[in-house]
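In full-length UniProt numbering, the protein residues as written are 1 to 274. In this text, a Cβ means the ideal position worked out from N, Cα and C, and glycines have one as well. Predicted model only: the values in this text are computed from it and were never measured. Notes follow the structure.
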């Protein structure tokens, strides 16, 4: 069987994962026909996705991983998932940040990627409850020297989560006194029914405070977060202004998102004007 030259490995695996989650399982022979690739290629893709922990291989195919709603992966575990999608999202989200703005960045690996894109934006004030995000700006300033127009970074206090976010009453009180032009929010899960959710109860309350303190809420989340529901919801989709996601989001999901908020799909060419 000839391979489909138009699909990169990561694009193929995103499509496979979407099929598994949407249908509750797929067979290898179905994927070979749908993707136009060999049986061996599909099995390699399933092996890679299984190692990432996002699906479970079974005889002749794959099924979704049955995770508890309280399961919270660590930062390092999440860093290896969808790296190209996160970079595309970060690039698109960075275009929404104006020099001199006061913004908030929540914890998460996608906001971490975004932080790297923002280190050269002049005169930013950045409030974050992410140790990793704060370190990005700290390292950038240390390596380039204290330069005029560098970001002012405010790191909230709080209790550290597995994803290296600071949450709890100390963080909540600090955030409640502040007002941001925009919040860039990473999420564990997003769905039409549950809205934005997380498996960590304390993080849910801190994220709720972040949303309340922002004039504009921008969620940065790759397509694998759609349909995922954590233990605690902290915002409805109607409280979000924009979702910046990647091209792996299915057409059905895009239509559902568009009913509630603005949608930016990163990594896709702009439609040509008529």
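DSSP, read as helix, strand or coil, puts residue 56 in strand. Going by C-alpha positions, residue 179 is about 13 Å away from residue 208.
Around the beta carbon of residue 139, fewer than 16 other beta carbons sit within 10 angstroms, so the residue counts as exposed.
Here DSSP, grouped into helix, strand and coil, assigns residue 47 to helix.
Around the beta carbon of residue 248, a 10 Å sphere encloses 16 or more other beta carbons of the protein chains shown; the residue is thus reported as buried. Between the C-alpha atoms of residue 186 and residue 42 there is a straight-line separation of about 30 Å. Residue pairing from DSSP places residue 245 in a beta bridge opposite 265.
Excluding sequence positions up to five before and after residue 230, its CB lies within less than 7 Å of the CB of 69, 188, 189, 197, 198 and 199, all in the same chain and listed in chain order.
Using a Cβ-Cβ distance cut-off of 8 Å, the region 89–106 and the region 118–126 are in contact, since at least three pairs of beta carbons, one from each stretch, lie closer than that value.
Every beta strand (DSSP E) of 3 residues or more that sits fully in the region 150–216 is shown, in chain order, as 152–155, 182–185, 189–191 and 195–198. DSSP, reduced to helix, strand and coil, places residue 102 within a strand of the structure shown. As the crow flies, the alpha-carbon of residue 133 is around 43 Å from that of residue 29. For residue 83, no beta strand (DSSP E) run applies; the uninterrupted alpha helix (DSSP H) run containing it begins and ends at 83–94, by DSSP.
The shortest C-alpha to C-alpha distance from residue 241 to any of 65, 143 and 219 is the one to 219. Assignment of beta-bridge partners to residue 115 by DSSP yields no partner. Distances from the CA of residue 237 to each of 191, 136, 214 and 213 were compared; the closest alpha carbon is that of 191. Its chain contains 211 and 217 as the residues whose beta carbon lies nearer than 7 Å to that of residue 239, once the 5 sequence neighbours on both sides are disregarded; these appear in chain order. For residue 128, the enclosing beta strand (DSSP E) starts and ends at 125–128. For residue 88 against residue 227, the beta-carbon gap comes to about 20 Å, at or over 8 Å, which does not count as contact. Beta-bridge partners assigned by DSSP to residue 250: none are found.
The alpha-carbon of residue 195 is positioned some 13 Å away from that of residue 253. Looking at the DSSP output, residue 219 sits in a beta bridge with 185 and 243. In the structure shown, residue 38 falls within a coil segment according to DSSP collapsed to helix, strand and coil.
Taking 7 Å as the cut-off, the Cβ atoms of residue 129 and residue 166 count as close.
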